[in-house]
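Q:
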Ligand SMILES: [Fe+2]
Ligand SMILES: [Fe+2]
């Protein structure tokens, strides 16, 4: 009877069904097309660039240190009370230890024989002026020691409404900085001695070692936040900056300078489906931009933002060339890394990773503490996400630790994929649906895209 009832009036239902399916297909097609449009397609070199592409600009011998995302939080802004604790519970950065961690990195790098130091953005927790001043004071120790420092802004650093101090159960606004103030505070760290500054952003060009140019790109969206707005995680290179940058790269070719790039956002995907899951950690039009940089002879881009130790490469054709995105993890997130890059006259770059393994108060167990801190923080965030997806709280203890393990594994780099990435027994059907949709992300975090992440040699002669 039921079947018969369904068949009666089936023509209209069939039409509606077909219509709905067509709608879904059209929406999927639109999403696919939008996805393609988002990557921006291929960069077309101008005749001028084509004429210069065969010019080889050899790298001079150079040695430099890189760290990223120190997220300095001034302890004077409050480290107790329920408001601060609530903030920490929604976060997973070692904010209380951030000042000490930056000191430790400055001490460690200060003891190295390096020509200069790169900092790939997110200098502060949330753009607090006092935190910027504190970060600048600490970086000055390196500069005073003859190791020039070059910074770029991260998405947290400018015009940020989250610049707050904490007092008991209250969080209160404190001054943040404008783009102009950022350049003023960090004048000794790139802006004052820049060979060129982009008038439309905080991008600049420097020559830290004769023959080696550093193109420091501001990929942040602070201008869309107004004087004090919600920080925009996404990144983009606005058209005037893109034009400025291309002129700089053409000039580099003409003057025989090798170029390295530093920017906060990624330019090559760091795990399969990176654009689909957390695409805001890649610069908009990343494929186009990567092609553009690579077509101008750039081979290494130093990035941060996702807080992971991860190096990926993308090969472009006509002519064939490879671009490396060398992402350095955050100082306030396990494994609290920094990198040392040595470019030899043989045109090989050795990239080595080091880690802050002890700080005051945690002399013996800091790496264990830091890893456990981010693991537990990720379990809390995974629980929140599962709650939003309406997954039964009874199933959270099975899923969240697995999600946290995958994330922590990705942060450390050189991931080894376990036999099963996301497993759960006796969970509800809805939990299984959610798992199915998230499976690609967890698999992605466990997938180490080539090359290796922590210690590697890049052949720049190709
Ligand atoms: Fe960031
Ligand atoms: Fe960050």
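Residue numbers (this note's numbering): 40 to 501.
Virtual Cβ for every residue (Gly too), placed ideally from N, Cα, C.
Label residue 441 either buried or exposed according to how many other C-beta atoms from any shown protein chain fall within 10 Å of its C-beta, with 16 as the threshold for buried.
A: Here residue 441 is taken as the residue at index 402 of the chain shown, counted from 1. Buried, because 16 or more other Cβ atoms sit within 10 Å of the Cβ of residue 441.
Q: Assuming the contact rule is C-beta atoms closer than 8 Å, residue 186 and residue 153 should be a hit. Round their C-beta distance to whole Å, please.
A: Position 147 of the chain shown, counting from 1, holds the residue named residue 186. Position 114 of the chain shown, counting from 1, holds the residue named residue 153. Indeed they touch by this definition, with Cβ atoms about 6 Å apart.
Q: Quick one: residues with CB closer than 5 Å to any heavy atom of ligand 2, in chain order, please.
A: The filter returns 108, 161, in chain order.
Q: By the DSSP assignment, the alpha helix (DSSP H) with residue 476 in it spans what residues?
A: For the purposes of this step, residue 476 is identified with residue 437 of the chain shown, where counting begins at 1. Per DSSP, residue 476 belongs to the alpha helix (DSSP H) from 468 to 485.
Q: For residue 175, count the other beta carbons within 10 Å of its own beta carbon; 16 or more makes it buried, fewer makes it exposed. Which is it?
A: Numbered from its first residue, the chain shown carries residue 175 at position 136. That one is buried.
Q: What does a CB cutoff of less than 7 Å around residue 489 pick up in its chain, not counting 5 residues either side in sequence?
A: If you number the chain shown from 1, residue 489 lands on position 450. Only 352 meet the Cβ criterion.
Q: Quick check on the DSSP output: the beta strand (DSSP E) that includes residue 203 runs from which residue to which?
A: Counting from one through the chain shown, the residue named residue 203 turns up at place 164. Segment 203 to 206, the beta strand (DSSP E) holding residue 203.
Q: Pull the bridge partners of residue 128 from the DSSP assignment, please.
A: As a first step, residue 128 is located in the chain shown; it is residue number 89 there, counting from the start. Looking at the DSSP assignment, residue 128 forms no beta bridge with any residue, so it has no partner.
Q: For residue 431, does the count of other Cβ atoms within 10 angstroms reach 16, so buried, or fall short, so exposed?
A: Position 392 of the chain shown, counting from 1, holds the residue named residue 431. Exposed, by the Cβ-count rule.
Q: Could you check what DSSP says for residue 327 in three-state terms: helix, strand or coil?
A: Locating residue 327 in the chain shown gives position 288, counting from the first residue. Correct three-state label for residue 327: helix.
Q: Between which two residues does the beta strand (DSSP E) carrying residue 463 extend?
A: In the chain shown, residue 463 corresponds to position 424, counting from 1. Looking at the DSSP string, residue 463 is not in any beta strand (DSSP E), and its letter there is neither H nor E.
Q: Is it buried or exposed for residue 470, if we count other Cβ within 10 angstroms and need 16 for buried?
A: Taking the chain shown and counting its residues from 1, the one referred to as residue 470 is at position 431. Buried, because 16 or more other Cβ atoms sit within 10 Å of the Cβ of residue 470.
Q: Please classify residue 374 as buried or exposed, where buried requires at least 16 neighbouring CB atoms within 10 angstroms.
A: Within the chain shown, the letter at position 335 stands for residue 374. Its Cβ being crowded by 16 or more others within 10 Å, residue 374 is buried.
Q: Run through DSSP, which three-state label would residue 372 get?
A: Counting from 1 along the chain shown, the entry for residue 372 is found at position 333. In this structure, residue 372 counts as coil in the three-state DSSP scheme.
Q: Using DSSP's beta-bridge definition, name the partner residues of residue 278.
A: Your numbering for residue 278 matches position 239 in the chain shown. DSSP, once it has assigned bridges, lists no residue as partnering residue 278.
Q: If you check the beta carbons only, do residue 340 and residue 379 fall under 8 Å apart?
A: Stepping through the chain shown from its first residue, residue 340 is reached at position 301. Stepping through the chain shown from its first residue, residue 379 is reached at position 340. No. Outside cutoff.
Q: Could you tell me the boundaries of the alpha helix (DSSP H) in which residue 389 lies?
A: Position 350 of the chain shown, counting from 1, holds the residue named residue 389. Where residue 389 is concerned, there is no enclosing alpha helix (DSSP H), although the beta strand (DSSP E) it sits in stretches over 387 to 394.
Q: Out of curiosity, what's the CA-to-CA distance linking residue 102 and residue 148?
A: Counting from one through the chain shown, the residue named residue 102 turns up at place 63. Counting from one through the chain shown, the residue named residue 148 turns up at place 109. Approximately 12 Å, taken between the alpha carbons.
Q: Would you decide whether residue 455 is buried or exposed? Buried here means 16 or more other CB atoms lie within 10 Å of its CB.
A: Mapped onto the chain shown, residue 455 falls at position 416. That one is exposed.
Q: Answer yes or no: do residue 133 and residue 409 have a C-beta to C-beta separation smaller than 8 Å?
A: Here residue 133 corresponds to residue number 94 of the chain shown, with the count starting at 1. Here residue 409 corresponds to residue number 370 of the chain shown, with the count starting at 1. Cβ distance < 8 Å, so residue 133 and residue 409 count as in contact.
Q: Quick check on the DSSP output: what are the complete beta strand (DSSP E) runs of length 3 or more inside the stretch 148 to 223, in order along the chain?
A: Qualifying beta strand (DSSP E) stretches, in chain order: 155 to 158, 188 to 190, 203 to 206, 209 to 212.
Q: Sort 141, 447, 494, 292 by Cα distance to residue 24 and report the nearest one.
A: No answer is possible for residue 24: it lies beyond the span of the chain, which begins at 40 and ends at 501.
Q: Since residue 255 and residue 245 should fall inside the 8 Å C-beta cutoff, what is the C-beta to C-beta distance between them, to a whole number of angstroms?
A: Translated into positions along the chain shown, residue 255 becomes position 216. Translated into positions along the chain shown, residue 245 becomes position 206. Right, the Cβ-Cβ distance comes to about 7 Å (below 8 Å), so this counts as a contact.
Q: Could you have a look at residue 404 and say whether DSSP puts it in helix, strand or coil?
A: Within the chain shown, numbered from 1, the residue matching residue 404 stands at position 365. DSSP places residue 404 in coil when its eight states are reduced to three.
Q: Assign residue 45 to buried or exposed, taking buried as 16 or more other Cβ atoms, counted over all protein chains shown, within 10 Å of its Cβ.
A: As a working note, residue 45 is residue 6 in the chain shown. In this prediction, residue 45 scores a pLDDT of 31, lower than 50, which makes its location untrustworthy; the coordinate-derived value is nonetheless stated afterwards. Label assigned to residue 45: exposed.
Q: Taking a contact to mean a Cβ-Cβ separation below 8 Å, would you say residue 484 touches residue 277 in this structure?
A: Translated into the one-based positions of the chain shown, residue 484 becomes position 445. Translated into the one-based positions of the chain shown, residue 277 becomes position 238. For residue 484 and residue 277, no; Cβs fall outside 8 Å.
Q: At a threshold of 7 Å, does residue 344 count as lining ligand 3 (C-beta to nearest heavy atom)?
A: This structure lacks ligand 3; its bound ligands are ligand 1 and ligand 2.
Q: Given this structure, state the Cα-to-Cα distance separating residue 417 from residue 312, to the nearest angstrom.
A: Position 378 of the chain shown, counting from 1, holds the residue named residue 417. Position 273 of the chain shown, counting from 1, holds the residue named residue 312. The straight-line gap from Cα to Cα measures roughly 20 Å.
Q: Could you spell out the range, first to last residue, of the beta strand (DSSP E) harbouring residue 247?
A: Numbered from its first residue, the chain shown carries residue 247 at position 208. Residue 247 -> beta strand (DSSP E) spans 243 to 248.
Q: In chain order, what residues of the same chain lie with their CB nearer than 6 Å to the CB of residue 360, ignoring the 5 residues before and after it?
A: Within the chain shown, the letter at position 321 stands for residue 360. Cβ within range, chain order: 333.
Q: Within the continuous beta strand (DSSP E) that includes residue 350, where are the two ends?
A: Position 311 of the chain shown, counted from the start, is the residue given in the question as residue 350. Start and end: 349 to 355.
Q: In chain order, what are the residue ranges of uninterrupted beta strand (DSSP E) at least 3 long that sit wholly in the stretch 290 to 342?
A: You should have 297 to 302, 339 to 342.
Q: Does residue 421 come out as helix, strand or coil in the three-state DSSP assignment?
A: For the purposes of this step, residue 421 is taken as the residue at position 382 of the chain shown. Of the three classes helix, strand and coil, the one that applies to residue 421 here is helix, per DSSP.
Q: Any heavy atom of ligand 1 closer than 7 Å to the CB of residue 128?
A: Counting from one through the chain shown, the residue named residue 128 turns up at place 89. It does not: the Cβ of residue 128 is nowhere closer than 7 Å to a heavy atom of ligand 1.
Q: Where does residue 235 fall in DSSP's three states?
A: Counting from 1 along the chain shown, the entry for residue 235 is found at position 196. In the structure shown, residue 235 sits in a strand (DSSP, three-state: E or B).
Q: So what's residue 444 in DSSP terms, helix, strand or just coil?
A: The sequence position of residue 444 within the chain shown is 405, counting from 1. Here residue 444 sits in helix by DSSP.
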